[in-house]
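Participant: First the structure, which I've put down as structure tokens, then a few questions once you've had a look.
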Amino acid sequence: MLNNSSNLYKIEWLNLVFKNRNQSYGAYELRLHSNQNTLRALFIAVPLFIMLFAAPMIYKHFNAAQVDVVKPDTMIDLIELPVPVVEKIKPQEKQEMPKAEPVKEKVKMIALPNKPVVVEDAALIDPPTIKDIDMAVIGPVTQSGLENSLIAVPSQGEGNGAVGGNGTGEGTATDNEIYNATTIEVYPEFVGGMKEWTRFIQKHLRYPPMAMDQGKQGKVFVSFVVEKDGSVTNVTVIKGIGYGCDEEALRVISKSPKWKPGRQNGQNVRVKYTMPLGFAINPV
Numbered sequence: 195m196l197n198n199s200s201n202l203y204k205i206e207w208l209n210l211v212f213k214n215r216n217q218s219y220g221a222y223e224l225r226l227h228s229n230q231n232t233l234r235a236l237f238i239a240v241p242l243f244i245m246l247f248a249a250p251m252i253y254k255h256f257n258a259a260q261v262d263v264v265k266p267d268t269m270i271d272l273i274e275l276p277v278p279v280v281e282k283i284k285p286q287e288k289q290e291m292p293k294a295e296p297v298k299e300k301v302k303m304i305a306l307p308n309k310p311v312v313v314e315d316a317a318l319i320d321p322p323t324i325k326d327i328d329m330a331v332i333g334p335v336t337q338s339g340l341e342n343s344l345i346a347v348p349s350q351g352e353g354n355g356a357v358g359g360n361g362t363g364e365g366t367a368t369d370n371e372i373y374n375a376t377t378i379e380v381y382p383e384f385v386g387g388m389k390e391w392t393r394f395i396q397k398h399l400r401y402p403p404m405a406m407d408q409g410k411q412g413k414v415f416v417s418f419v420v421e422k423d424g425s426v427t428n429v430t431v432i433k434g435i436g437y438g439c440d441e442e443a444l445r446v447i448s449k450s451p452k453w454k455p456g457r458q459n460g461q462n463v464r465v466k467y468t469m470p471l472g473f474a475i476n477p478v
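Be aware that the sequence shown starts at 195, since it is given in our numbering, and climbs by one per residue.
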């Protein structure tokens, strides 16, 4: 019997294991020369490892990096320039043109007696002739003046009628300027007042599902123009919060019924309005 403490790679063990077997098989050769193969591999691996470890140090030693000399920064003194004072330009006051007073000219008139009057010891007044009436205006008294002419009084409005004709005296110019709600004489107003406007918003405004899922709250600022006929146009979001709230605000304002239009100088004008629409989630 062989001792159990014997080297398993000794020839005795190999002969015992490969007894009655083909000893020219590769396994027999590997076990027979295992010590030589192990030493050969060790002698090859160790130098390679040392070379790989030392190669960076050798390269760094022979190729030392050159250090660039950094020049000191040039100091620049900053001088504070005085802020120029800009004088506010005062708006020029509108000078009202003096109204042209109508020139009153004396018109030639001929007085016709209504009925005969009995006068004691007074001079009798002869009735006017056809020629006198044709060249004058019938009136209560007789006076001298311009013959057969009418004086045209200037109208306060810009009319299309000719002087002395049948002009309407009403202006035809159109004012398409968009006024600000803070400078208008008569503000636009929703029919029924702000209570009806609030009721309209509460009835039609819907909380977007996306904003509700994300817990998004806030105010969407919307501007729009109240036209001369009271319709609402040019609906625009000035500042929004996203998540579908901006689109919902535009949808509701665009559905608004007609307002009472704003007025300036006695005429209906276009007025720009800005207002916030609030989106808030009520706590349960």
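Note that beta-carbon positions come from the ideal geometry of N, C-alpha and C, so glycine has one too.
DSSP three-state call for Y437: helix, strand or coil?
Facilitator: Taking the sequence shown and counting its residues from 1, one reaches residue 437 at position 243. Here Y437 sits in coil by DSSP.
Participant: In this structure, what does DSSP give as the bridge partners for N462?
Facilitator: For this step, residue 462 is matched to residue 268 along the sequence shown. The partner list for N462 (beta bridge, DSSP) reads R457.
Participant: Between which two residues does the beta strand (DSSP E) carrying K493 extend?
Facilitator: Look at the range of the chain in this structure, 195 to 478, and you will see that residue 493 is not part of it.
Participant: Going by DSSP, which residues form a beta bridge with F472?
Facilitator: Position 278 of the sequence shown, counted from the first residue, corresponds to residue 472. One detail in the question is off: residue 472 reads as Gly in this sequence, not Phe. Note: G472 sits in a beta bridge opposite K413.
Participant: Between the stretch 405-412 and the stretch 448-462, can you find at least three pairs of beta-carbon atoms closer than 8 Å?
Facilitator: Verdict: no, contact absent.
Participant: Any idea if G387 is buried or exposed, counting beta-carbon neighbours within 10 angstroms, 16 or more meaning buried?
Facilitator: In the sequence shown, the residue the question calls residue 387 occupies position 193. Under this definition G387 is an exposed residue.
Participant: Between the alpha carbons of M251 and I238, how many angstroms are there, rounded?
Facilitator: Indexing the sequence shown from 1 puts residue 251 at position 57. Indexing the sequence shown from 1 puts residue 238 at position 44. For M251 and I238, the distance between alpha carbons rounds to 21 Å.
Participant: Find the nearest neighbour of G472 within the set K213, Q411, A235, T377, judged by alpha-carbon distance.
Facilitator: Taking the sequence shown and counting its residues from 1, the one referred to as residue 472 is at position 278. Among K213, Q411, A235, T377, the Cα nearest to that of G472 is on Q411.
Participant: What does the alpha-carbon distance come out to for the pair V414 and I283?
Facilitator: By one-based count along the sequence shown, residue 414 stands at place 220. By one-based count along the sequence shown, residue 283 stands at place 89. Whole-angstrom Cα-Cα distance: 36 Å.
Participant: Have a look at I378, I475, N214, V463 and flag the residue whose alpha-carbon is nearest the alpha-carbon of D369.
Facilitator: Mapped onto the sequence shown, residue 369 falls at position 175. Answer by Cα proximity: V463.
Participant: Starting from I252, follow the alpha helix (DSSP H) in both directions and report where the run begins and ends.
Facilitator: Within the sequence shown, numbered from 1, the residue matching residue 252 stands at position 58. Where I252 is concerned, the enclosing alpha helix (DSSP H) stretches over 228-256.
Participant: For the alpha helix (DSSP H) holding I188, just list the boundary residues, first then last.
Facilitator: For residue 188 there is no data in the structure shown, the boundaries of the chain being 195 and 478.
Participant: Does the separation of the CB atoms of R393 and E442 fall below 8 Å?
Facilitator: Residue 393 sits at position 199 when you count from the first residue of the sequence shown. Residue 442 sits at position 248 when you count from the first residue of the sequence shown. No, the pair does not count as a contact, with Cβ atoms beyond the cut-off.
Participant: Which one of G220, M469, I447 has the shortest CA to CA distance from T427?
Facilitator: Within the sequence shown, the letter at position 233 stands for residue 427. Minimum Cα distance to T427 is reached at I447.
Participant: Run the proximity test for F415: is its beta-carbon closer than 7 Å to any non-hydrogen atom belonging to the ligand HEM?
Facilitator: The ligand HEM is absent from the structure shown, which contains no ligand whatsoever.
Participant: Use the C-beta contact count for G220: other C-beta atoms within 10 angstroms, 16 or more gives buried, fewer gives exposed.
Facilitator: On the sequence shown, position 26 is the one that residue 220 refers to. Exposed: under 16 other Cβ atoms inside 10 Å.
Participant: By alpha-carbon positions, which one of F247, Y253, P402, L208 ends up nearest to Y437?
Facilitator: Along the sequence shown, read from residue 1 onward, the residue named residue 437 stands at position 243. The shortest Cα separation from Y437 among F247, Y253, P402, L208 belongs to P402.
Participant: Taking only the alpha-carbon atoms, compute the straight-line gap between A248 and N257 and give it to the nearest angstrom.
Facilitator: To locate residue 248, count along the sequence shown from 1; it is residue 54. To locate residue 257, count along the sequence shown from 1; it is residue 63. Between A248 and N257, the C-alpha separation is close to 14 Å.
Participant: Return the first residue and the last residue of the alpha helix (DSSP H) that I498 is part of.
Facilitator: Past the boundaries of the shown model lies residue 498; the chain is included only from 195 to 478, so the question cannot be answered.
Participant: Quick one, are the C-beta atoms of K466 and S425 less than 8 Å apart?
Facilitator: Stepping through the sequence shown from its first residue, residue 466 is reached at position 272. Stepping through the sequence shown from its first residue, residue 425 is reached at position 231. Taking 8 Å as the Cβ cut-off, K466 and S425 do not qualify as a contacting pair.
Participant: In three-state DSSP terms, what is N209?
Facilitator: Counted from its first residue, the sequence shown places residue 209 at position 15. Three-state result, N209: helix.
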